[in-house]
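To keep things clear, I will list the structure first and then write my remarks on it.
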Amino acid sequence: MIRIKVTGTREVIAALEKIGDAFRDKLEAAVLSGCLIVQNEAKRKCPYITGNLRSSIHTGGYGGMSDLAKSETGTDIGGKAVKDTSVELLVGTNVEYARRVEYGFNQADRLGRVYHQRPQPYLRPALDENKKKVVAEIGSALKEVLR
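Taking our numbering, the leading residue of the sequence shown gets 59, the next gets one more, and so forth.
Set out below in structure tokens:
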């Protein structure tokens, strides 16, 4: 998870309050652009057999996405959370076996079949390797809003 906290003088906070809803919309767009960096890298790193897992990786969040997020990322993996001063989005997949691919699976399934599947991490490395790029992308998008 990447957390960015913006602090500043009273003048900056007052300017953000004036911008209001427009700022929240721009904040969502900025966070979405940062998430797309991770999404694209996860798709690049994802093991490929049929392409189902790779094509299921999208950006979403908690409980319903805006039209912007839907049009930019495709499949809904859960939505988003937009509060007065924050936006939370997720990069992930709704495919059942995604966790087994990311973390591996070395046990019997519910039908008694035993698997020895090695981990093939794709999502966590995509985030870890791109944290600085994501922060820079969000920062540059927010700088444009504050100009």
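For glycine and all other residues, C-beta sits at the position ideal for the given N, C-alpha and C.
Predicted model only: the values in this text are computed from it and were never measured.
Sequence-distant residues of its chain with Cβ nearer than 8 angstroms to residue i (five each side left out)
{"i": "residue 95", "result": "188, 191, 192, 195"}
{"i": "residue 91", "result": "195, 196, 199"}
{"i": "residue 155", "result": "111"}
{"i": "residue 130", "result": "Reliability fails at residue 130, whose pLDDT of 44 lies under 50, so the model's placement of it is uncertain and no value is given."}
{"i": "residue 205", "result": "none"}
Contact set for residue i: own chain, Cβ-Cβ below 6 angstroms, skip 5 residues either direction
{"i": "residue 88", "result": "196, 199, 200"}
{"i": "residue 93", "result": "117, 147, 149"}
{"i": "residue 84", "result": "203"}
{"i": "residue 173", "result": "163"}
{"i": "residue 109", "result": "none"}
{"i": "residue 180", "result": "100, 103, 104"}
Own chain residues within Cβ distance below 7 angstroms of residue i, not counting five before or after
{"i": "residue 183", "result": "103"}
{"i": "residue 112", "result": "101, 104, 106"}
{"i": "residue 185", "result": "96"}
{"i": "residue 176", "result": "162"}
Residues that DSSP places opposite residue i in a beta bridge
{"i": "residue 150", "result": "116"}
{"i": "residue 175", "result": "163"}
Residue i vs residue j beta-carbon contact at 8 angstroms
{"i": "residue 212", "j": "residue 159", "result": "It is not possible to answer for residue 212, since the shown part of the chain is limited to 59 through 205."}
{"i": "residue 145", "j": "residue 99", "result": "no"}
Residue i beta carbon near the ligand MN (any heavy atom closer than 7 angstroms)
{"i": "residue 115", "result": "Summarising the ligand content, the structure contains no ligands, and the ligand MN is consequently not present."}
Would the segment 194–203 and the segment 152–168 be scored as touching if the rule is three or more Cβ pairs under 8 angstroms?
no
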